[in-house]
Amino acid sequence: MSVIKEPKPEHREFELERLILFSDAVFAIAITLLIIEIKLPDIPNTVPVENYMPYLKPVLFEFCTFAATFIFLGNFWRRHLQLFRFLQHYDTGLLNRNLFFLFFIVTFPFTASAMMHVKAHFILPLFMYLCNLAGALAALFWISYYVFQKNPSLAMPGHWTEKEIMYQRYKYNFLTMATGFTVITTVYFFFPENVHYQWLSYWTIPALAFFNHFRLKIKKRNTLRAVHIVDKTT
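Residues in the sequence shown are numbered from 60 upward in steps of one, following the numbering used here.
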């Protein structure tokens with residue numbers, strides 16, 4: 060009966076590096092695909108320069124959508140990098156959760172394209188885009204829970220304060236997006252004709268983000284204070 064040998068530490072380190080490089084490549088491709096959707100309009104030669112704005116307005120909206128999505132993807136990449144720098148091992152569970160997270164990353168060009176080329180029905184592309192954001196935040200939180208709470212042996216020892224603050228930040232971000240998305244969906248289905256209520260519901264997400272920002276700062280302050288007390292007593 061053959062015995063499966065455990066890979067050498069240097070092999071495991073190389074495989075973990077491949078996991079991170081693959082994730083970086085997915086981010087790079089997703090960001091590159093965003094700009095491909097933006098094209099300059101065909102402006103007739105007979106149109107004077109002062110009348111260019113009606114032709115350029117759709118492009119400006121597309122570029123704003125691209126810029127916002129670029130910021131979101133850049134932020135997700137930064138958080139992914141910060142989380143993975145604590146890793147020293149990996150397993151199948153981490154691989155599957157990372158692929159689940161990357162699924163939502165590669166769908167951003169599709170949902171952003173739906174937002175760019177929206178015509179009359181704005182709410183459906185918006186729901187798709189918000190669902191994409193919520194899914195990416197949920198997947199990132201799922202990875203942090205798996206690494207820091209369920210299988211802490213995957214992470215490097217020590218750095219308890221940084222790990223706890225990072226875990227709490229990802230949890231609050233996911234809860235903010237999930238709650239805001241639920242409120243927007245509920246308002247739309249209960250008040251489909253009330254545009255005022257619908258636009259008001261969109262402010263749920265920034266309001267909750269603002270609230271959770273201060274709640275996280277209090278949580279961070281209490282965590283650092285608890286660590287300081289423990290250090291003084293030891």
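The beta carbon of each residue, even a glycine, is placed where N, CA and C say it ideally should be.
The C-alpha of P216 lies about 31 Å from the C-alpha of L192. DSSP, read as helix, strand or coil, puts L99 in coil. CA-to-CA, the gap between F129 and R156 works out to about 23 Å.
Counting along the chain, the unbroken alpha helix (DSSP H) around R228 starts and ends at W219 to F249. A residue is called buried when at least 16 other Cβ atoms come within 10 angstroms of its Cβ; E76 does not meet this threshold and is exposed.
Around the C-beta of K116, fewer than 16 other C-beta atoms lie within 10 Å, and the residue is accordingly described as exposed.
Here the C-alpha atom of M187 lies approximately 14 Å from the C-alpha atom of Y247. Proximity to I202 across L93, T244, L140 and T105 peaks at L140, based on C-alpha coordinates. Cβ-Cβ distances below 6 Å link T124 to A171, M174 and M175 in the same chain, with the five nearest sequence neighbours on each side left out; the list follows chain order. Per DSSP, the beta-bridge partners of A214 are L146. Boundaries of the alpha helix (DSSP H) harbouring F160: T151 to V165, taken from the DSSP string.
Between A195 and I164, the CB-CB gap stays under 8 Å.
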